[in-house]
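In the working numbering, the protein residues as written are 54 to 168.
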């Protein structure tokens with residue numbers, strides 16, 4: 054579940070970036086990705102889906118950790134799984150902060166780079 058949460062969060066960040074900053078940056082580099090414009094329009098539901106997957110991942114992790122404290126017969130959640138869920142959570146928070154905070158800053162950098 055932690056790999057799915059990480060992939061969903063990365064998809065959410067990519068969807069938010071695909072709106073303006075990524076196409077402009079790629080255009081400056083001489084590359085075009087017109088097919089990614091569809092992803093930009095889907096960013097809200099992709100981010101919401103990532104939040105749901107991450108939430109389910111945390112609930113399952115906490116439930117397993119709690120059950121393993123009561124019954125020592127199971128293995129506690131792995132450090133890798135917790136790390137991946139943490140990374141997915143941070144990526145999704147970045148996706149949520151993308152448009153109001155990161156995008157204006159990145160667009161200003163791109164404008165300044167053009168001369």
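Using N, Cα and C, we set each Cβ at its ideal position, and we do this for glycine too.
Measure from the alpha carbon of residue 103 to the alpha carbon of each residue in 149, 97, 61 and 146, then state which is nearest. 61
Contact between the segment 158-165 and the segment 132-146: three or more CB pairs below 8 angstroms? no
How many angstroms separate the CA atom of residue 118 from the CA atom of residue 130? 6 angstroms
In terms of residue numbering, what span does the alpha helix (DSSP H) encompassing residue 139 cover? 132-150
With distances taken between CB atoms, is the gap from residue 63 to residue 100 smaller than 8 angstroms? no
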